[in-house]
Amino acid sequence: MSQESSKIITRQWAVIQFLLNSKYVSTNDIEKHLEAKGIKATQRTIQRDLNLLETLFPIECRRDCMPYSWRWKKVEKSVKGLSLSQALILRLVDEQLSDILPEHTQHELLPLFQKARLITSNTVYTEEESNFLDILTKDRNSNKGYGFIQPSLMQELTSEITGRVQKTYRDIFKSEERELKQSLKILGTVLESYEMPELAKLLKS
17 MSQESSKIIT RQWAVIQFLL NSKYVSTNDI EKHLEAKGIK ATQRTIQRDL NLLETLFPIE
77 CRRDCMPYSW RWKKVEKSVK GLSLSQALIL RLVDEQLSDI LPEHTQHELL PLFQKARLIT
137 SNTVYTEEES NFLDILTKDR NSNKGYGFIQ PSLMQELTSE ITGRVQKTYR DIFKSEEREL
197 KQSLKILGTV LESYEMPELA KLLKS
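Quick note on numbering: the sequence shown equals residues 17 to 221 in the numbering used here.
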């Protein structure tokens, strides 16, 4: 990490903190806040930072008046990227609840449903993940033979999930916390070496 990179990260973190503790603020407000913290940045640089941060975090810009103002979204949760688990859940909602969801809710979720379909169509899966996807995507309208009733999606998922959850909970607590602490410790050391003690301290707290 170059000295310039650490300056950028420190500056952008200061911007994020200011947005978290403020209502709508302008680039001029942010410039004054940074200056008070000993960080020099032009309004053009701040604008570039905001444009980048807006693509990564739940930040919104009020563009109906000049100068533009920015804030951290207070209620709405942002989802810029989906994990496989999140995508699978969205596929489930799309499959099972599309007929009963209010129209405005469907409209709001449509981009996420589309992203979830894209993710679940282009990911290389483990065997367990493939089993999960098979349940979601199998054709439920085809007849398997006279007298047979297709099991419901929820029944199949319940059976599949139960086994996975039991195995997951046995393993996850043994390694996750230890690995997380070790990763945070390493990252904290890196941040300290590049003169970012505030971020390092936050990782350790």
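Glycine included, each C-beta is placed from N, C-alpha and C at the ideal position. Computed from a predicted structure; not experimentally measured.
Beta carbon of Arg87, beta carbon of Leu35: below 8 Å?
-> yes
For His49, is the classification buried or exposed, using 16 other Cβ atoms within 10 angstroms of its Cβ as the cut-off for buried?
-> buried
How big is the Cα-Cα spacing for Ile46 and Trp29?
-> Those two C-alpha atoms are separated by around 12 Å.
Where does Val91 sit, in a helix, a strand or coil, going by DSSP?
-> Any answer about Val91 is weak, because its pLDDT of 43 lies below 50 and its placement is not dependable; what the coordinates show is given next. In the structure shown, the three-state DSSP call for Val91 is coil.
Limits of the beta strand (DSSP E) - the one that Ile75 falls within | Its beta strand (DSSP E) spans residues 75 to 78.
Using the C-alpha atoms, what's the distance from Thr43 back to Ile62?
-> 7 Å
Runs of alpha helix (DSSP H) lying entirely within the segment 46 to 71, each at least 4 residues, in chain order | none
For Glu20, the nearest candidate out of Ile55, Glu51, Ile32 (CA to CA) | Ile55
With 16 other CB atoms within 10 Å as the buried threshold, where does Leu126 fall?
-> exposed
With a CB to CB cut of under 8 Å and the five nearest residues on each side skipped, what residues in its chain are close to Lys39?
-> Arg87
Quick one: is Leu106 buried, meaning 16 or more other Cβ sit within 10 Å of its Cβ, or exposed?
-> So Leu106 ends up on the buried side.
What whole-angstrom Cβ distance do Leu69 and Val31 have, given they're in contact under 8 Å?
-> 7 Å
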